[in-house]
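Notes to accompany the following structure.
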Amino acid sequence: MYGYPPTINTQHDVEYLVGYLGSKWATAENKQRGLGYLRALRDKTQHYVFDRNLDESEAADGEEPEYRVMEDDEGLRRQYRLESDPNAPIYRLGFTVEEVDQLIQTVENH
1 MYGYPPTINT
11 QHDVEYLVGY
21 LGSKWATAEN
31 KQRGLGYLRA
41 LRDKTQHYVF
51 DRNLDESEAA
61 DGEEPEYRVM
71 EDDEGLRRQY
81 RLESDPNAPI
91 YRLGFTVEEV
101 DQLIQTVENH
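The opening residue of the sequence shown carries number 1 in the UniProt record's numbering; numbering runs sequentially from there.
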C-alpha cells in the first residue's frame with residue numbers, strides 16, 4: 001500500500017508519511033494535510049493545569065498565555081498555568097521538537 005497513512009500511531013508511521021509526502025505520488029492536498037499534522041505535533045506540546053483558586057477581585061499571577069483565569073457558573077475563579085505536556089503526541093511518538101522541525105523542512109523542500 002502506498003499513500004497517506006490511514007493511521008499515524010508510531011514513529012515508523014510518521015517516517016512513512018514523510019517519505020510519501022516527498023514522493024511524486026503525493027498530491028498537493030495530502031502534502032498540506034501532512035504538513036498540518038507535523039506542525040500540530042510540534043506546536044501542541046503544552047497544556048493548562050490548575051494552579052489555584054482566586055478571590056473575586058484577585059489578579060492572575062501573570063498574563064496570558066502563561067496564565068489563564070476561568071470563572072464557573074457559581075462565580076468561582078480558577079487560575080490555570082501553561083506547562084509542558086509530557087503526554088503530548090510528539091513525545092509519545094518518540095520525537096523531539098527539533099526532529100519534527102527537520103521533518104517539516106524535508107517535506108517543504110521537496
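No residue lacks a Cβ here, since even glycine has one placed at the ideal position from N, Cα and C.
Every value quoted in this text rests on a predicted model; they were computed, and no experiment measured them.
Cβ-Cβ distances below 8 Å link D55 to R77 in the same chain, with the five nearest sequence neighbours on each side left out; the list follows chain order.
Separation of D101 and E74 (C-alpha to C-alpha, rounded to the nearest whole angstrom) is 44 Å. Taking the C-beta atoms as reference points, E66 is found nearer than 7 Å to L82. Here the C-alpha atom of T106 lies approximately 26 Å from the C-alpha atom of D85.
The beta carbons of D51 and Y80 sit closer together than 7 Å. With a cutoff of 7 Å on beta-carbon distance, H110 and G22 are scored as near each other.
With 16 or more other CB atoms across the displayed protein chains lying within 10 angstroms of its CB, V14 is buried. In the three-state reduction of the DSSP assignment, L76 falls in the coil class. Distances from the alpha-carbon of T10 to those of G36, R92, I104 and E98 put R92 closest.
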